[in-house]
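Visitor: The opening position of the sequence shown corresponds to residue 3 in my numbering, with each subsequent residue numbered one higher.
Sharing a structure with you now.
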Amino acid sequence: MTPNKKHVIIGCGPAALSALDTIRRLGSDDEITVVSREDSLPYSPAVLPYLLAGKADESDLFPRNGDYFSKRGVAFVRGQEAVRVLPDRRQVVYRNGETEQYDTLLIACGAESIAQPVHDSGEGELLNFHTFDDYRRLRDQIKDGCDVTVLGAGMVAVELAVALIERGCDVRIIGRGRPLRAYFDEEAGGHIRAILVDRGMKIITGKSISHVRRSHGGFGIACADGEVFETSVVVSCLGVRPNLSLVQGAGISANQGVLVDRHMRTNAEGVYAAGDVVEAPSFLNGSPGVCAVLPEAIAQGKVAGANIAGRETGYEGWIPMNLLKFFGHSAFSIGMAMPAPGCGEMLEKKDKQERCFERLVVRDGRLIGAMFVNVDIDPGVISYLIKRRVNVGAYGHALLEQPADVSRWLMLKAERNG
Numbered sequence: 003m004t005p006n007k008k009h010v011i012i013g014c015g016p017a018a019l020s021a022l023d024t025i026r027r028l029g030s031d032d033e034i035t036v037v038s039r040e041d042s043l044p045y046s047p048a049v050l051p052y053l054l055a056g057k058a059d060e061s062d063l064f065p066r067n068g069d070y071f072s073k074r075g076v077a078f079v080r081g082q083e084a085v086r087v088l089p090d091r092r093q094v095v096y097r098n099g100e101t102e103q104y105d106t107l108l109i110a111c112g113a114e115s116i117a118q119p120v121h122d123s124g125e126g127e128l129l130n131f132h133t134f135d136d137y138r139r140l141r142d143q144i145k146d147g148c149d150v151t152v153l154g155a156g157m158v159a160v161e162l163a164v165a166l167i168e169r170g171c172d173v174r175i176i177g178r179g180r181p182l183r184a185y186f187d188e189e190a191g192g193h194i195r196a197i198l199v200d201r202g203m204k205i206i207t208g209k210s211i212s213h214v215r216r217s218h219g220g221f222g223i224a225c226a227d228g229e230v231f232e233t234s235v236v237v238s239c240l241g242v243r244p245n246l247s248l249v250q251g252a253g254i255s256a257n258q259g260v261l262v263d264r265h266m267r268t269n270a271e272g273v274y275a276a277g278d279v280v281e282a283p284s285f286l287n288g289s290p291g292v293c294a295v296l297p298e299a300i301a302q303g304k305v306a307g308a309n310i311a312g313r314e315t316g317y318e319g320w321i322p323m324n325l326l327k328f329f330g331h332s333a334f335s336i337g338m339a340m341p342a343p344g345c346g347e348m349l350e351k352k353d354k355q356e357r358c359f360e361r362l363v364v365r366d367g368r369l370i371g372a373m374f375v376n377v378d379i380d381p382g383v384i385s386y387l388i389k390r391r392v393n394v395g396a397y398g399h400a401l402l403e404q405p406a407d408v409s410r411w412l413m414l415k416a417e418r419n420g
């Protein structure tokens, strides 16, 4: 009889828990230890803006209670930070000096915020908005009607700014480029910006931050062009990057993220990685890249868990997708939504009056990208059509005219045909 193995999972985010659930679902009774540097139960970061806006409470943040791990026979260690991996010894080293042996290791420690220091203050970095602790620190600093400046113009920055306005704050965004430019082109992004401005958001672009100083009980934000903005509270949302500190010097290959193959294996024997920390193959062209979105973290964790449990499974690759719901409006982009010339046929439908925008990108009869603003669609169905390479060629214009109904029909048709 083969003795049970010991699997150690570093992190307790979506990728880690997806892997854990998959290992147990496949019938493995191997020993599993989940280690989290945060001193809390697992939570969903996607809920944080809703929590700040008052649209959710903390019970919504923690969908798994304390019984989640014990019922699965899993050891859950919180408040323990892994600082080093020794693959030759199959060992993890913790900050307190303790070590732990493993047969298989899953690195799912996620991403870290890109920090903006407070200049000459000796008081560390600005507030971020990435973890539950970040949320609590921000919550304790803001009051209804206070002015808050958000540095950055990406998805997290905009989601936070929306939540702050709904909380009753006076909000300003400062960024180098227009909001969400990585996901929506100028026309679609223009609709989003107009809606944000209508709700009172001040959007300042073309600015590079030189430094931030404490000033008169608040902050002074100095831009490279010499302009200075005064604010009571400032939050840095300049992006995130894979947390690679654990693998530095370990001989585990990494570029922007930890490099993995389609089985989520690293180059080190017995070491897997999944989630926001990895650089994995793309679905559309197979090239490695980082795609820090929730659905891909879950998918990667599932693949890693299956392979750890001995069920050989391949990852089909990531697709970039971003969904924003704001002030009763919605915006969604997926895949190659802004293709280079000649990379696909673009079908578009627009309504400037209603601030609606729709784009489908089709290549060889298959949908490879889409962009929607204020259009009734199911993002999961659109993702299905792309990932299953459903032939939409003959129905492209029908899909454009009735995206919700036709996309569901195409999905059901594909399922029936196998």
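Each residue gets a CB set at the ideal place from its N, CA and C atoms; glycine is no exception.
All values reported here derive from a predicted model rather than from experimental measurement.
Measuring alpha carbon to alpha carbon, tell me which of Gly291, Thr35, Gly259, Ile384 ends up nearest Val94.
Guide: Thr35
Visitor: Please determine if the segment 200-219 and the segment 154-168 are in contact, where contact requires at least 3 C-beta pairs separated by less than 8 Å.
Guide: yes
Visitor: Reducing DSSP to helix, strand and coil, say where Lys7 ends up.
Guide: coil
Visitor: Along the chain, where does the beta strand (DSSP E) containing Pro244 start, and where does it finish?
Guide: 242-244
Visitor: Pick out whichever of Ala294, Ile211, Arg216, Arg215 has its Cα sitting closest to the Cα of Asp227.
Guide: Ile211
Visitor: Does DSSP put Glu60 in a helix, a strand or coil?
Guide: Helix.
Visitor: In chain order, which continuous runs of the alpha helix (DSSP H) of length 4 or greater are located wholly inside the segment 245-319?
Guide: 296-310
Visitor: Suppose only complete runs of 3+ residues qualify. What are the beta strand (DSSP E) ranges in the segment 349-386, listed by chain order?
Guide: 358-365, 368-375
Visitor: Out of curiosity, what's the CA-to-CA distance linking Ser247 and Tyr386?
Guide: Roughly 35 Å between the two C-alpha positions.
Visitor: Given that a residue counts as buried once 16 or more other Cβ atoms are within 10 Å of its Cβ, and exposed if not, what is Glu350?
Guide: exposed
Visitor: For Ile144, which of Thr133, Ala163, His132 has the nearest alpha-carbon?
Guide: Of the listed residues, the one whose Cα sits closest to Ile144 is Ala163.
Visitor: Go through its chain and collect everything with a Cβ distance to Phe285's Cβ below 7 Å, but skip five positions before and after it.
Guide: If we look at Phe285 and ignore the five residues flanking it on each side, its Cβ neighbours are Glu318, Gly319, Trp320, Ile321, Lys389.
Visitor: Check whether the segment 248-261 touches the segment 171-182, taking contact to mean three or more Cβ pairs, one atom from each stretch, closer than 8 Å.
Guide: no
Visitor: Does Ala21 come out as helix, strand or coil in the three-state DSSP assignment?
Guide: helix
Visitor: Starting from Ala333, trace the beta strand (DSSP E) in both directions and tell me its first and last residue.
Guide: 331-337
Visitor: How many whole angstroms separate the CB atoms of Val364 and Pro89, which I take to be in contact at a CB cut-off of 8 Å?
Guide: Going by Cβ atoms, the distance from Val364 to Pro89 rounds to 45 Å, so no, they are not a contact pair.
Visitor: Please give the ranges of any alpha helix (DSSP H) in the segment 117-150, keeping only runs that are unbroken, at least 4 residues long and fully inside the region.
Guide: Segments of the alpha helix (DSSP H) lying fully in the segment 117-150: 134-143.
Visitor: Roughly how many angstroms separate the alpha carbons of Ser422 and Gly367, rounded to a whole number?
Guide: Here the chain has residues from 3 to 420 only, and residue 422 is not among them.
Visitor: CA-CA distance, Gly346 and Ser289?
Guide: 19 Å
Visitor: Along the chain, where does the beta strand (DSSP E) that runs through Gly192 open and close?
Guide: It is not in any beta strand (DSSP E) - Gly192 instead sits in the alpha helix (DSSP H) that spans 188-200.
Visitor: Just curious, the beta strand (DSSP E) that Arg174 is in, first and last residue?
Guide: In this chain, the beta strand (DSSP E) harbouring Arg174 covers 172-176.
Visitor: Starting from Phe231, follow its DSSP beta bridges and name the residues at the other end.
Guide: Ile223
Visitor: In this structure, does DSSP put Arg418 in helix, strand or coil?
Guide: It is helical.
Visitor: Check this for me: beta carbons of Ala406 and Ile370, under 8 Å apart or not?
Guide: no
Visitor: Between the beta-carbon of Phe359 and the beta-carbon of Glu189, is there less than 8 Å?
Guide: yes
Visitor: So, for Asp187: in the same chain, excluding its five sequence neighbours on each side, which residues have a beta-carbon less than 6 Å away from its beta-carbon?
Guide: Met340
Visitor: Would the beta-carbon of Gly277 fall within 8 Å of that of Gly15?
Guide: In contact: Gly277 and Gly15 (Cβ atoms closer than 8 Å).
Visitor: Within 7 Å: the Cβ of Gln93 and any heavy atom of the ligand ATP?
Guide: This structure lacks the ligand ATP, and indeed carries no ligand of any kind.
Visitor: Which residues mark the beginning and the end of the beta strand (DSSP E) in which Ile34 is found?
Guide: 33-38
Visitor: Determine the contact status of Glu127 and Ala113, defining contact as a CB-CB distance below 8 Å.
Guide: In terms of Cβ geometry, Glu127 and Ala113 do not form a close pair [threshold 8 Å].
Visitor: For Tyr96, report the span of its alpha helix (DSSP H) as first-last.
Guide: Unbroken run through Tyr96 is the beta strand (DSSP E), 93-96; no alpha helix (DSSP H).
Visitor: Among the candidates Ala159, Glu168, Leu22, Ala275, whose CA atom is the shortest distance from the CA of Gly179?
Guide: Ala159
Visitor: Just to confirm the assignment, what range does the alpha helix (DSSP H) spanning Leu182 have?
Guide: Segment: none, Leu182 is in no alpha helix (DSSP H) and carries neither H nor E.
Visitor: Identify whether Ser238 lies in helix, strand or coil by the three-state DSSP scheme.
Guide: strand
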